[in-house]
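Contents: one structure, followed by commentary.
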Amino acid sequence: SGFPFTPLKPAEAFRGQPEYHEEDCIGCGACAEVCPARTIDVVDEGDTRTLIHHFDNCIYCGQCQANCTTEKGIILSNEKYDLAVFDRAQAVTKVEKELALCEHCGDVVTTYEHLQWIAKKVGSLSVANPTLMLARSKELGTSIEGSPRPEDKPAGRYDSYRTLCPACR
Numbered sequence: 009s010g011f012p013f014t015p016l017k018p019a020e021a022f023r024g025q026p027e028y029h030e031e032d033c034i035g036c037g038a039c040a041e042v043c044p045a046r047t048i049d050v051v052d053e054g055d056t057r058t059l060i061h062h063f064d065n066c067i068y069c070g071q072c073q074a075n076c077t078t079e080k081g082i083i084l085s086n087e088k089y090d091l092a093v094f095d096r097a098q099a100v101t102k103v104e105k106e107l108a109l110c111e112h113c114g115d116v117v118t119t120y121e122h123l124q125w126i127a128k129k130v131g132s133l134s135v136a137n138p139t140l141m142l143a144r145s146k147e148l149g150t151s152i153e154g155s156p157r158p159e160d161k162p163a164g165r166y167d168s169y170r171t172l173c174p175a176c177r
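9 is the number of the first residue of the sequence shown in the numbering used here; add one for each residue after it.
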């Protein structure tokens with residue numbers, strides 16, 4: 009044994025602290041939806057979504073990992089098990105993602121990484137959905153800013169190649 013002076017070798021099925029993997033997390037919020045202890049907050053402010061995991065209240069059930077959309081965005085570590093802190097404010101991990109906002113009403117659609125992941129998943133079929141096509145072109149650096157629509161005009165055909173929420177589409 010000898011813990012804490014010598015490192016402990018946890019069992020293979022050990023469920024330690026959930027860790028966000030920045031490059032694999034798409035910010036969809038599925039982890040927060042399935043968390044039975046409600047330890048994951050999804051905070052949308054401006055054009056940024058922040059996923060905040062409070063591991064001081066986490067029950068380490070693994071639902072976040074099991075239901076992750078990409079299957080790699082949040083993973084329970086088998087290396088982080090000594091999680092004692094003196095200040096509960098230190099018992100958080102965060103990941104931030106850029107939001108895709110509706111260009112008509114300003115509501116949140118999802119994150120750009122989520123749209124780009126969906127576009128890659130459906131492949132060439134993404135050209136049938138302008139929002140996916142715009143997200144993919146933004147990722148590739150080929151997006152072009154559209155001309156502004158007058159505020160007094162309702163959403164119409166001229167808005168078809170804009171990022172729109174389901175209500176405005």
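For every residue, glycine included, the Cβ atom is placed at its ideal position computed from N, Cα and C.
Inset, instruction - Return the bridge partner residues of residue 49 from the DSSP annotation. - result: 60
Inset, instruction - Output the boundary residues of the beta strand (DSSP E) element that contains residue 28. - result: 26 to 28
Inset, instruction - Between the Cα of residue 43 and those of 57, 72, 125, 104, spot the shortest distance and give me the residue it belongs to. - result: 72
Legend entry - Option nearest residue 118 by Cα separation, candidates 106, 127, 99: 106
Legend entry - Cα-Cα separation, residue 63 to residue 40: 13 Å
Legend entry - Unbroken stretches of the beta strand (DSSP E), 3 residues or longer, contained in the region 64 to 135: 82 to 84, 100 to 109, 116 to 119
Legend entry - Bounding residues of the alpha helix (DSSP H) (the contiguous stretch that carries residue 138): 138 to 148
Legend entry - Where residue 133 falls, given that 16 or more other Cβ within 10 Å makes a residue buried: exposed
Legend entry - Beta-carbon proximity check, residue 78 vs residue 34, cutoff 8 Å: yes
Inset, instruction - For the alpha helix (DSSP H) holding residue 39, just list the boundary residues, first then last. - result: 38 to 42
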